[in-house]
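Q: Take a look at the following structure, please.
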Amino acid sequence: MIPYGKQCIDENDIRAVVEVLKSDWLTTGPMVQVFEDGVLNLVGSRYAVAVCNGTAALHCAMYAIGVGPGDEVILPPMTFAATANAVIYQGGTPIFSDVEEDTLLIDPEKIEKKITSKTKAIIAVDYAGQPCDYQRLQKLAKKHNLILIADGCHALGAEYKGKRVGSIADLTVFSFHPVKHITTGEGGMITTDNEIYANRMRQFRNHGITSDFRTREKEATFLYEMTDIGYNYRLSDIHSALGVSQLQKLPFFIKKRREIAHRYQDAFFASSVIQSLKVNPDSRHAWHLYVIKLVERDRTVIFRKLREKGIGVNVHYLPVYRHPYYEEKFNSSENRCEAVERVYEKLLSLPIFPSMTDDMVSTVIREVLCACE
Ligand SMILES: Cc1ncc(COP(=O)(O)O)c(C=O)c1O
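Residue numbering for the sequence shown follows the working numbering, starting at 48 and increasing by one per position.
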């Protein structure tokens, strides 16, 4: 099976992890900050806070901005459930706003209708690795005094109008799950220019405690205080070392993803059945996913045919409001989004990952064309 996504680990990565295993610090050690500095230098933000996964990163962001009961947060339904779940973790209410049908990115035009006196923030999701229309989103956020969060879990290394994702929104969240651009096994990061948010998140990832073990060791004190409820969302030095090593290969990983995407674009350009998503000219897409829309074909039939041929196609995503939890808790089936509903049944994600060979790409193209004939 050619999977839809896969990590790319080499001997340098393994060596980096082994070195940490032989060191004094397996967690709360120096490697965490080295990884944080690597990411903040890459994206051009002032602060970066490493955590144990992208979901924890979203939760930290919700905590940092003070989301609580009674607050509403607007986000697109075309995302992984974790984006909305993080709002609920803090007692807030996710409000789903529709996407643009050709990019599947949140549609800034439709957001305004969803804004109420309870709205606190917007979470923009850089679906598939393409940055949202941040210029319009920032304008909207400013006009209504809202905080703009980027769920950049698909978009490490992507750019919008010459600026890296991670330095555009008030806070940006990344994931380092094995299918993402770089991996730490499990891992996440939040970048921001806001020192108060950064400090709040550092405390939140460590049980709400004001200092970590290493700081206390340095200061020769056993005293610590917990000033708010937090979690153990720390990323270990073992994970961080892998992240530092992986980060060096990010330009190569993105280049490979881009080459694969261009081959798919060319192969399906003339097809009336297979539509690729629109790429905005002022963005540099990071190609976490390659998503096609199937016109006048049964997606389930095509999905099964391709799986039988060893092509690990997938679907991103079941609209979040269609999950039974959301339907029951928020009666969200009554607030479905028109564009999402029109497009969801057509979506299929094709394999894309840096170690995909030219032959694998040719096989996927051939089988997809054949299945859709
Ligand atoms: C858009 C989006 N947000 C959040 C997450 C959560 O990240 P993690 O799996 O690292 O918790 C993912 C992961 O798949 C994602 O794709």
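In this text, a Cβ means the ideal position worked out from N, Cα and C, and glycines have one as well.
Only a predicted model underlies this, so the values are computations on that prediction, with no experimental measurement involved.
Can you tell me whether DSSP reads residue 154 as helix, strand or coil?
A: coil
Q: Which ranges would you report for the alpha helix (DSSP H) in the region 111–146 if only whole runs of at least 4 residues count?
A: 128–136
Q: Where does residue 98 sit, in a helix, a strand or coil, going by DSSP?
A: It is a strand residue.
Q: Tell me whether residue 223 is buried or exposed, calling it buried when 16 or more other Cβ atoms sit within 10 Å of its Cβ.
A: Result: buried.
Q: Please classify residue 400: does DSSP put it in a helix, a strand, or coil?
A: Assigned with DSSP and collapsed to three states, residue 400 falls in coil, not helix or strand.
Q: Pick out whichever of 137, 134, 124 has its Cα sitting closest to the Cα of residue 157.
A: Closest by alpha carbon: 124.
Q: Restricting to Cα atoms, I'd like to know which of 388, 147, 111 is closest to residue 365.
A: 388
Q: Looking only at C-alpha atoms, which of 182, 234, 286 sits nearest to residue 209?
A: 182
Q: If distances are taken between C-alpha atoms only, which option among 300, 174, 101 comes closest to residue 149?
A: 174
Q: Given residue 324, which residues of its chain have a CB within under 7 Å of its CB, disregarding the five upstream and five downstream residues?
A: Within its own chain, the residues whose Cβ lies closer than 7 Å to the Cβ of residue 324, once the five positions on either side in sequence are excluded, are 149, 150, 151, 175, 338, listed in chain order.
Q: Return yes when the Cβ of residue 318 is within less than 7 Å of the Cβ of residue 82, no when it is not.
A: No, Cβ-Cβ distance for residue 82 and residue 318 is not below 7 Å.
Q: Rank 404, 348, 263 by C-alpha distance to the C-alpha of residue 306 and give the top, closest one.
A: 404
Q: Can you say whether residue 68 is buried or exposed, counting buried as having 16 or more other CB atoms within 10 angstroms of its CB?
A: exposed
Q: If you measure between the beta carbons of residue 49 and residue 290, is that distance less than 7 Å?
A: no
Q: Buried or exposed for residue 52, going by 16 or more other Cβ atoms inside 10 Å?
A: buried
Q: Following the continuous beta strand (DSSP E) through residue 238, name the residue where it begins and the one where it ends.
A: Its beta strand (DSSP E) spans residues 235–239.
Q: Can you name the start and end residues of the alpha helix (DSSP H) that residue 292 belongs to?
A: 284–294
Q: Please state if the CB of residue 170 and the CB of residue 122 are separated by a distance shorter than 7 Å.
A: yes
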